[in-house]
Amino acid sequence: MPLLRLPDSVHIADAHHACVRFILDQRALLHERAQELHTVLMQLALSGAGAAMIADRLADITHCAAIWLDEQGAVGHAAGDDADTASVVAADNATALRRWGDTIAMLAADPPVREFEGAHSMSMLASPIPGRQGVGGYIAVVGRSTQFDQLVRMAVSRAASACAIELDRERAVTETRDRLEGEFVESLLSGTFTSADVALERAHRLGVDVSQPFCVISIRGARSDAAFEATAIRALRSLIAHRSIEGMVSSHAGAVCVILPLAGDEASTTRTVESIRSESERVSGDATMSLGVGRPHTGVTGVRASFREAEQALAMGRRVLGPGRAVSFADLGLHRLLFAIAQQPELTDFYNDTVAALLAYDQRGGGDLMATLDAFFACHGSPTETAQRMHLHRNTVLYRLRRIEEIGGVSLDDASTRLNLHLCLRIRDVLHVSDQRGAALEARAAS
Numbered sequence: 001m002p003l004l005r006l007p008d009s010v011h012i013a014d015a016h017h018a019c020v021r022f023i024l025d026q027r028a029l030l031h032e033r034a035q036e037l038h039t040v041l042m043q044l045a046l047s048g049a050g051a052a053m054i055a056d057r058l059a060d061i062t063h064c065a066a067i068w069l070d071e072q073g074a075v076g077h078a079a080g081d082d083a084d085t086a087s088v089v090a091a092d093n094a095t096a097l098r099r100w101g102d103t104i105a106m107l108a109a110d111p112p113v114r115e116f117e118g119a120h121s122m123s124m125l126a127s128p129i130p131g132r133q134g135v136g137g138y139i140a141v142v143g144r145s146t147q148f149d150q151l152v153r154m155a156v157s158r159a160a161s162a163c164a165i166e167l168d169r170e171r172a173v174t175e176t177r178d179r180l181e182g183e184f185v186e187s188l189l190s191g192t193f194t195s196a197d198v199a200l201e202r203a204h205r206l207g208v209d210v211s212q213p214f215c216v217i218s219i220r221g222a223r224s225d226a227a228f229e230a231t232a233i234r235a236l237r238s239l240i241a242h243r244s245i246e247g248m249v250s251s252h253a254g255a256v257c258v259i260l261p262l263a264g265d266e267a268s269t270t271r272t273v274e275s276i277r278s279e280s281e282r283v284s285g286d287a288t289m290s291l292g293v294g295r296p297h298t299g300v301t302g303v304r305a306s307f308r309e310a311e312q313a314l315a316m317g318r319r320v321l322g323p324g325r326a327v328s329f330a331d332l333g334l335h336r337l338l339f340a341i342a343q344q345p346e347l348t349d350f351y352n353d354t355v356a357a358l359l360a361y362d363q364r365g366g367g368d369l370m371a372t373l374d375a376f377f378a379c380h381g382s383p384t385e386t387a388q389r390m391h392l393h394r395n396t397v398l399y400r401l402r403r404i405e406e407i408g409g410v411s412l413d414d415a416s417t418r419l420n421l422h423l424c425l426r427i428r429d430v431l432h433v434s435d436q437r438g439a440a441l442e443a444r445a446a447s
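Taking the working numbering, the leading residue of the sequence shown gets 1, the next gets one more, and so forth.
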């Protein structure tokens, strides 16, 4: 049974030539259409139209819903008559899309395309957007498989190439802005700006009005290195942009710092602060990530003042509450006053005169008298609650309290004595933190 039967009047050579001519004509037409697509989409990219506009044009060309997705497969923009369905199909295939993007090799001039099946007989034809370090996102069309002819496949691939140019342009703009922002924030935090008026204007150009109330946030973890700082800065800038917050981020003195405008209420600010801390913890994998918040200030000189307060709040929060917390300077209470006079010799003299004997006993391996005293005051002077708090027998606590009175030459029944001892415990917190900060500054200076 022949596959093809020609009429008797047609010679097989003529049929062969006609078929070859048809194939070549179709290839030429397809090449011509591909060049037209390339020109149209590249003009959009070079004019800075953006990935969303490229997706809109792709929808017009292919008569399918078109979507632009980020590197995680999340829909950034959808265009076309059935954009909602396209977003659903893209969400269903996000995991498979990322897995494919992690394994493919691609050329920026000719990215590959792949079809993914979706619900309701719909499919997604996607192509990765080449980036400097792998896939920078995806461009796709959604429709029925029968719609995905060779021209549609070419259009999707050319759109991905056009988006790559747009992605590079946006990255260059972002990197330049981030560098300028980092240098400017560093000058505000260190107080090295030349003119307050010029700094105010520059902050305004970067999108932050420091003439309005703001606070500075300081973030530190168990380690402080350039890799952590770069990762945290990128993540926090992304978080701030996602929340439409006009903040600025930079590193300074081993900390990652955020200048946060206070546009909302206190509850909204608290949620933003905790989001910043948890995001820093997530990207670093450091559960000890701590955060300090300075008081509200205005003006360029207020940036440095709020930063100092944020650093004090962070250090005291670690000392008193432990790591992995967000602490505001406004909530430090008595510690704020003690921090202000921490360098005064009278404070150290008062501390030593009051508890030197107890400190010496503890240093000789005596009996944790200072810790017992701290727990005793925290439990409102109840030996029973103190014993429960310290996981000790009540008689052990009573013995230690007697030793405190004997060694310190004090009476815990005297109200003024209790006040002095309680104050010394808080002074100890401040002096310990001040010593740590001084050692850190000396280490940075030596390096």
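Note that the Cβ used here is the ideal one computed from N, Cα and C, for glycine as well. These figures come from a predicted structure and were not determined experimentally.
> If you count every other CB in all the chains shown that lies within 10 Å of the CB of N395, and 16 or more means buried, which is it?
Replying inline: exposed
> Looking at the unbroken alpha helix (DSSP H) that takes in M390, where does it start and where does it end?
Replying inline: P383 to M390
> How close, in whole Å, do the beta carbons of V293 and V320 come, if the pair is a contact with beta carbons under 8 Å?
Replying inline: Going by Cβ atoms, the distance from V293 to V320 rounds to 15 Å, so no, they are not a contact pair.
> Is it a yes or a no for the segment 277 to 297 touching the segment 198 to 216, going by three-plus beta-carbon pairs under 8 Å?
Replying inline: yes
> Relative to the ligand COA, is the shortest distance from any of its heavy atoms to the C-beta of V293 smaller than 7 Å?
Replying inline: Ligands are entirely absent from the displayed structure, and the ligand COA is therefore not among its contents.
>> Let me confirm a value: R27 is counted as buried when at least 16 other C-beta atoms fall within 10 Å, else exposed. Which label applies?
In response: exposed
> Since L107 sits in a beta bridge, which residues does DSSP pair it with?
Replying inline: D110
>> Tell me which residues share the same chain as R304 and place their Cβ nearer than 8 Å to its Cβ, disregarding the 5 neighbours each side in the sequence.
In response: L188, L189, S190 and G191
>> One question on the structure: do E115 and L125 come within less than 8 Å of each other, judged by their Cβ atoms?
In response: Closer than 8 Å, so yes.
> DSSP three-state call for S244: helix, strand or coil?
Replying inline: coil
> Under three-state DSSP, which class holds M124?
Replying inline: strand
> What did DSSP end up calling A65 once you bin it into helix, strand or coil?
Replying inline: strand
>> Among the candidates S251, L239, I240 and A203, whose CA atom is the shortest distance from the CA of D225?
In response: Of the candidates S251, L239, I240 and A203, the one whose C-alpha sits nearest the C-alpha of D225 is S251.
> For F193, does the count of other Cβ atoms within 10 angstroms reach 16, so buried, or fall short, so exposed?
Replying inline: buried
> Name the DSSP bridge partner or partners of H297?
Replying inline: F214
>> Can you tell me which residues form a DSSP beta bridge with S250?
In response: C257
> Taking the beta strand (DSSP E) that I341 falls in, what are its first and last residues?
Replying inline: Counting along the chain, I341 sits inside no beta strand (DSSP E), nor does DSSP assign it H or E at all.
>> So for F329, helix, strand or coil by DSSP?
In response: helix
> Looking only at its own chain, which residues have a Cβ that is under 6 Å from the Cβ of S9, when we skip the five neighbours before and after it?
Replying inline: none
>> Considering Cα atoms alone, identify which of L236, A51 and R426 is closest to I341.
In response: The shortest Cα separation from I341 among L236, A51 and R426 belongs to R426.
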